[in-house]
Amino acid sequence: GGGTTSGTTSGTTSDPSSEAVDTVAPSTGLVLPSGLAIPSFDLSELTKGLANVDSYRVVTTVGGVEQYKGVVVTKPVLSRDLTIGGKTHIVVIGNEAWAGDNGQPLKAVPKAIATGVFAAFDPTLMVAAFSGAGWAESATNKGTEDKNGVRATHYHIDGTSLAAGFSGLPPGATIDSWVSDKGFIVALEATGFPSGERSIQVTGIDDPANKVDRPN
1 GGGTTSGTTS GTTSDPSSEA VDTVAPSTGL VLPSGLAIPS FDLSELTKGL
51 ANVDSYRVVT TVGGVEQYKG VVVTKPVLSR DLTIGGKTHI VVIGNEAWAG
101 DNGQPLKAVP KAIATGVFAA FDPTLMVAAF SGAGWAESAT NKGTEDKNGV
151 RATHYHIDGT SLAAGFSGLP PGATIDSWVS DKGFIVALEA TGFPSGERSI
201 QVTGIDDPAN KVDRPN
């Protein structure tokens with residue numbers, strides 16, 4: 001089902017990015033209207049807003065180690081070609097799925113198995129850890145910038161911008177996010193968290209070279 005965000009509440013001092021996998025369901029590509037506003041700071045919804053584009057490439061890293069990389073094509077059917085954890089290759093085209101070790105021939109598998117593997121690495125999980133009222137009140141609008149080839153608004157959070165009574169950010173940590181005018185997240189970069197630096201980079205929006213091919 002669609003992701004639901006628990007958010008981080010005032011007074012929390014733990015590393016939110018380490019808890020996201022337990023609290024958020026994977027995204028199913030819910031289409032959102034253009035121009036989604038940031039005040040709710042529901043970044044998981046902004047990730048799902050990528051369903052509004054025709055295709056994109058995405059890479060997520062944790063502690064500098066690649067966790068999730070691939071191509072997503074949303075039309076005519078949702079299709080993904082992903083490498084998970086640097087070793088598991090998964091292709092999903094509509095209701096069909098294939099999986100195998102990276103570099104080895106892929107074998108047909110039930111779609112539920114394939115989606116279950118990459119669900120734990122879905123970018124929605126990472127961004128949801130930084131969603132909620134406390135984060136919204138703590139975010140500083142840094143203006144419009146070009147990020148990954150997209151015009152986007154840059155939001156920054158650090159120890160000097162925290163809302164009164166909100167302690168969800170470890171000392172020295174920072175969070176930067178870039179949100180496009182069309183209502184999808186372009187990048188998230190979080191540093192200074194005990195679980196390591198976190199990064200999501202979305203590139204190649206609607207690039208004709210983005211393709212998901214059926215395995216031979």
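One point on numbering: in my numbering, the residue at position 167 of the sequence shown is 167, and numbering is uninterrupted.
Cβ coordinates follow ideal geometry from the N, Cα and C atoms, glycine included.
On a predicted model such as this, the values are computed, not experimentally measured, just so you know.
Practice task
Give a single yes or no on whether Glu189 has its beta carbon closer than 7 angstroms to a heavy atom of the ligand HEM.
Solution key: As for the ligand HEM, it is missing from this structure, which has no ligand bound.
Exercise for the section: List the endpoints of the continuous beta strand (DSSP E) containing Lys69. Expected result: Here residue 69 refers to the residue found at position 69 when the sequence shown is read from its first residue. 65-73 is the span of the beta strand (DSSP E), which, as asked, contains Lys69.
Exercise for the section: Report buried or exposed for Gly164, applying the criterion of at least 16 other Cβ atoms within 10 angstroms of its Cβ. Expected result: Here residue 164 is taken as the residue at index 164 of the sequence shown, counted from 1. Note that residue 164 is Ala in the sequence shown here, rather than Gly. Per the 10 Å Cβ criterion, exposed.
Practice task
For Thr160, name the three-state secondary structure that DSSP assigns.
Solution key: Mapped onto the sequence shown, residue 160 falls at position 160. Under the three-state reduction of DSSP output, Thr160 falls in the coil class, being neither helix nor strand.
Practice task
Please confirm whether Ile90 and Val58 have their CB atoms less than 8 angstroms apart.
Solution key: For this step, residue 90 is matched to residue 90 along the sequence shown. For this step, residue 58 is matched to residue 58 along the sequence shown. No, these two residues do not count as a Cβ contact at 8 angstroms.
Practice task
Would you tell me roughly how many angstroms separate the C-alpha atoms of Asn102 and Lys69, rounded to the nearest one?
Solution key: As a working note, residue 102 is residue 102 in the sequence shown. As a working note, residue 69 is residue 69 in the sequence shown. If you take the alpha carbons of Asn102 and Lys69, they lie about 12 angstroms apart.
Handout entry: Beta-carbon gap between Lys75 and Ala97 smaller than 8 angstroms
Key = Translated into positions along the sequence shown, residue 75 becomes position 75. Translated into positions along the sequence shown, residue 97 becomes position 97. Inclusion of Lys75 and Ala97 in the CB contact set at 8 angstroms is not warranted, their separation being larger than that value.
Problem - Expected contact under 8 angstroms - CB spacing of Ile200 and Pro123 to nearest Å - result: By one-based count along the sequence shown, residue 200 stands at place 200. By one-based count along the sequence shown, residue 123 stands at place 123. Correct: roughly 5 angstroms between the Cβ atoms.
Problem - Limits of the alpha helix (DSSP H) - the one that Leu125 falls within - result: Position 125 of the sequence shown, counted from the start, is the residue given in the question as residue 125. First-last of the alpha helix (DSSP H) with Leu125: 123-128.
Exercise for the section: Keeping to the same chain, check which residues put their C-beta closer than 6 angstroms to that of Phe184; ignore five residues upstream and five downstream. Expected result: To locate residue 184, count along the sequence shown from 1; it is residue 184. For Phe184, where only same-chain residues beyond five positions count, the Cβ hits under 6 angstroms are Leu46, Gly49, Leu50.
Exercise for the section: Please classify Lys147: is it buried, with 16 or more other beta-carbons within 10 angstroms of its beta-carbon, or exposed? Expected result: Against the sequence shown, residue 147 aligns to sequence position 147. Burial call: buried.
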